[in-house]
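Notes follow the structure.
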Amino acid sequence: MSDALLHSEYLDTELLSHLPGLEIRARFLVEGFLAGLHKSPHKGSSVEFKEYRDYQQGDELKLIDWKAYARTDRLHVKLREEETNMRVTLLVDKSASMEFKGPNAHMSKWDYSRALAAALLLFLHRQKDAASLGFIGSHFHGASKHSANTATFHNMMVRLHQNADDPSSDIAGSLEHFLPLAKRRSVVVVLSDFYVPPRDLKKTLELLRCMKCEVLLFHVLDPLELDFDFDEPLILEGMETDAQMMISPDLIRKEYREALKVHLDELSKLCVSLDCEHLLLDTREPPLHALGKYLSKRRRAS
Amino acid sequence: MIQFAFAAFMLGGLGAAIPIALHFLKGKPTVVSPFPDFMFLRQTLIEKHTRNKLRKWIILILRSLAFILLAAAFSWPYLPNFAKTPNSATVVLWDNSFSMAAKPYFNEMKAKALAILRQAGPKRPTILGLVAGGNALWLPRFTGKGDELAAFLESGVPGDGSGSFETALREADARLEEMPAATKKIVIVTDWQKLPWNSVDFSKKLSPGTTLKIITPDKPGFANVAITSAKILTPFLVAKRKIAISVNITNFSDSERQFSIETWLNSSRVNSEKVRLDAKATAKMTFFVSPRALEPAAVSFRLNVKDDIAVDNTYTLALNPSKPPLVAMAPSPGDCDFLRLALEAGAKIANIVPANHTGISKSKLVILRGAPNAKARSAAADALSNGKNIIVIWNPTSEMRTLLLSLGVASSTLTATDEATFSDIDFTHPFFKVFKNMKISPLFQIRFYAHPKLELPPDATVVAKFSDGDPAIAIVPKDKGEVIIIASKLDRDSTDWGIRPSFLPFIRELAAYALRSTNKHGNQYLVGEPVPTKGFSSCEALADNSFFKLGGIFRPKHPGAYLLTGNGVKKMIAVTVAPDESPSNTLPDDFNPNALVSKIPPPKTTAKAAAFSPEQGRTFWWILMLLAGIMIVSEMILSNRTTL
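If you read the protein sequences in the order shown, they are chains A and B.
Per the numbering used here, residue 21 is the first one in the first sequence, and the count goes up by one each step.
Per the numbering used here, residue 10 is the first one in the second sequence, and the count goes up by one each step.
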């Protein structure tokens, strides 16, 4: 088993939740992701030649410089300069519902989203891509300017150190307010639990697509939200409202799951119709494939 | 109207309060959990809420109903055979003693009983008890079906037992007390014979409100000749030897009767004799049988007489081989042992063994004479503590004096040589009874040349005295046994009794008394009496050659001989009818059975559970259990995680 596989196997949310500090979590995620990229089809998206290095077992044959081999009788691999012309906006939902953490999850949706956002920022910083970080929730909380420099990166990391304390959620409204700040041909990554009817997002997403933006919706949900595995009858208390609801889980579980599935299907269909990406993330699962999704988008954009 | 056999179980219905209490106590869950958003729950719950609430109420009803149905099922609800509270309840007691089968009135009594029984109806439930001995055979429950009552009567009569109304009357009273009827009546159908009423305790009244009615024959009384008793006189020790049997026959009728009596040994008629008996006279006759083999046999005597009751014209005796019992006897101190001769002469009635420690411990009777040593005295003391009897033939030795002193009897040396005779004999005592009317060789002519003076303890009984007033024969109770002391050496130097004809029968009667069995039955039982069957597995009724297995208590219902078999051992028992039933012995005209009726006014009728038969409630029981099961299953399906 390669190191990459090992790394991805053990890089689960439990381990991630035990790492101290957001930066360390982000670094750990990115290192793991990069190790996993060894076999990734997405490698080598840049075009500028940087330098040669000796061929190593595992390198793709197409990267071998055969002319150099003819000259020197040694196998060399061409390394290319990374591209730095991508502008990526990360919008993280900080509504109170993101603080939810079920008994089967190791971290809350907020912690999961922050770790993922930090990892993406670190990754972008390493790739010299210009990144911007913004928060949405009850309203649009603004976003930093796109920048690839280290000081901005650190500022963005600092901004991630906050709580999800928006008392209500208005994702559609927040995204609408973000629209004026959106850059053409940029990548917009939204991390949220998307408690919003998909039709409310349609207009905003259409406008983003009109601006040639690539849109990625990272839909972060807790296992309890997905499965609704409450055992005994109980009273549920809303995290964004004071409302309480007395429920008998067994009686409504099926209907709840069906309603959730309809919601997810509608959101997925909307994304497919607009050529956006919708990725459902279970906080039990390692967040690596979210990074893979992002990279896929970036390659497409390039 | 549904009634409950075990109404107390209805208290279990209070269990229905449990789900109701839970419903109110646990109506709301206490666990509160945060949840991100109600976006999906709201639309789901709006649909579900009403349905869930309804379901909870249904579950509550199902649970409560399940408790109530189970309680009702355990209370055994049933519909009595009568639709409404009956006007009157009647207990009919049929005197099932064999005297009821007397020809003059049996059919009349049965017709009268059937007439009463056929009056039964839904409003007049009736129960019938066939009284035999102390017990009654009851119809399981009160019924309004006359045919059922009549069939029960036909199946049970005539019985061969004896009658006694005390237990049956009290049981009838108890059964009536359970009936929620306005009037309660006990009807006794009997032949006006005195016997069944002898046991009735007239100081104990029936329950207030119960009336008593006696149905009797128009002309009570009957003419009867019966064998009232028979006794085997000779032990059955050897085959082909004559065994004497005495038979008592009584003519209870008011006129002279001539008839024949047949003697049967097993299935063979041995003898037939003509008999003439005056009115109210008794004949004591002796018959002989000679069984060919030393095996259990049945001897029966049959009267060929025209009388009103047939069942007591036959009397059966069980003849089982026996061995002479072991008697431990010390050797004779004199030259002629009259005692041994008397015990062993003719039909040997005892196997004599030495009176040492082993002999005494194995024997059934101990005869001590001469000078019993310390070991013999010790063994004799053990024998007494084990319930055996001892005969002590006095002897002027220090050992004998020691023995008598240990029994609390002080004995002097021989008195003056003046001759003495018996002067005072208790002829009611068993071993002198046979001499009461004897003319030959009177006991009072026996001469005693010398005899000791005995000082007896206060609890001793003197059976015979010498002419000088000294005790001659005395019985001293000791531990569980008795010591019979004869104040004579019984040798030719002391008395001439040994050569007189009365000596042999006296010694034999004395031995028979000392060897008497504590078993009051022997092999003879009355109809209905329990027969011990330990060690026997099967039984053959010789009357009809039917076989049946023995298990539990065996109470023969009919007279005759029964051969018990088990583990290679056979034993004959004989069953006879109760002789008390044979005489007509009617009640006096002023006999008033209504003395049993209470004068206290009856209490107001309260609805009590009628006598219950599980068959009555079975249908309801299954229905209720089925419904309870349905309730429980439905509850399990519906209650899947509700908030109740």
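All C-beta atoms, glycine included, are put in the ideal place defined by N, C-alpha and C.
What you are looking at is a predicted structure, and each value in this text was computed from that prediction instead of being measured.
Query	Result
In chain order, each alpha helix (DSSP H) run of at least 4 residues that lies wholly inside the region 507-585 of chain B	512-523
Any C-beta of chain A under 9 Å from that of methionine 645 (chain B)	no
Where the beta strand (DSSP E) containing tyrosine 2 (chain B) begins and where it ends	Any answer about residue 2 (chain B) is impossible in this case: the structure gives chain B only from 10 up to 653.
Inter-residue spacing [alpha-carbon to alpha-carbon] between tyrosine 276 (chain A) and isoleucine 639 (chain B)	31 Å
Bridge partners - alanine 310 (chain A), DSSP secondary structure assignment	For alanine 310 (chain A), which the question treats as bridged, DSSP gives no partner whatsoever.
CA-to-CA distance, proline 149 (chain B) to methionine 19 (chain B), given in whole angstroms	25 Å
Closest Cα partner of glycine 577 (chain B) within the set B:Asp599, B:Cys548, B:Phe600 and B:Gly569	B:Cys548
Chain-order list of residues whose beta-carbon lies under 7 Å from that of alanine 116 (chain A) (same chain, five-residue window excluded)	Ala184, Asp185, Asp186, Pro187, Met259 and Glu260
Partner residues on chain A for phenylalanine 49 (chain B), Cβ-Cβ distance less than 8 Å	Tyr276, Ala279, Leu280 and His283
Validate contact between the region 572-592 of chain B and the region 538-548 of chain B using beta carbons, cut 8 Å, 3 pairs	yes
C-alpha gap between phenylalanine 120 (chain A) and isoleucine 77 (chain B), whole angstroms	47 Å
Exposed unless 16 or more other CB atoms sit within 10 angstroms - verdict on cysteine 291 (chain A)	buried
DSSP three-state assignment for histidine 283 (chain A), whether helix, strand or coil	helix
Test item: CB-CB of glycine 193 (chain A) and histidine 159 (chain A) under 9 Å	yes
Contact with chain B by phenylalanine 120 (chain A), beta-carbon distance below 9 Å	yes
Inter-stretch contact (C-beta, 8 Å, three-pair minimum) for the region 320-334 of chain B and the region 235-252 of chain B	yes
CA nearest to the CA of valine 234 (chain B), picked from B:Leu274, B:Val308 and B:Val314	B:Val314
CB-CB length for valine 198 (chain B) against glycine 172 (chain B), believed under 8 Å	About 11 Å separates the two Cβ atoms, so there is no contact after all.
Contact with chain B by serine 268 (chain A), beta-carbon distance below 9 Å	yes
Helix, strand or coil at serine 158 (chain A) [DSSP, three-state]	coil
Residues that serine 117 (chain A) contacts on chain B, provided the C-beta gap is smaller than 8 Å	Pro45 and Asp46
Nearest-angstrom beta carbon gap, isoleucine 493 (chain B) and asparagine 395 (chain B) [assumed within contact, 8 Å]	The pair is not a contact, with the Cβ atoms about 17 Å apart (cut-off 8 Å).
Near-chain A residues of the region 29-43 of chain B (beta-carbon distance less than 7 Å), N- to C-terminal order	Lys37, Pro38, Val40, Val41, Ser42 and Pro43
Length of the line joining the Cα atoms of isoleucine 609 (chain B) and valine 485 (chain B)	55 Å
Neighbour flag for asparagine 61 (chain B) against chain A, beta carbons, 9 Å	yes
Beta carbon of valine 256 (chain B) nearer than 9 Å to that of isoleucine 270 (chain B)	yes
Alpha-carbon spacing of aspartate 46 (chain B) relative to glutamine 264 (chain A), whole angstroms	11 Å
Beta strand (DSSP E) segments (min. 3 residues) lying fully within the region 115-149 of chain B	135-141 and 144-147
Interface residues of the region 250-268 of chain A facing chain B [CB-CB below 9 Å]	Phe250, Asp251, Glu252, Pro253, Leu254, Ile255, Leu256, Glu257, Gly258, Met259, Glu260, Thr261, Ala263, Gln264, Met265, Met266, Ile267 and Ser268
Same chain, Cβ closer than 8 Å to lysine 373 (chain B), neighbours up to 5 away in sequence not counted	Pro334, Leu335, Val336, Lys397 and Leu524
Beta-carbon gap between alanine 302 (chain B) and alanine 248 (chain B) smaller than 9 Å	yes
Range of the contiguous beta strand (DSSP E) that encloses leucine 299 (chain A)	297-302
Beta-carbon proximity check, serine 189 (chain A) vs asparagine 175 (chain A), cutoff 9 Å	no
At least three beta-carbon pairs within less than 8 Å, the region 238-254 of chain A to the region 119-135 of chain A	yes
Same chain only: Cβ atoms within 7 Å of serine 643 (chain B), ignoring 5 sequence neighbours per side	Leu71
First and last residue of the uninterrupted beta strand (DSSP E) at phenylalanine 310 (chain B)	306-313
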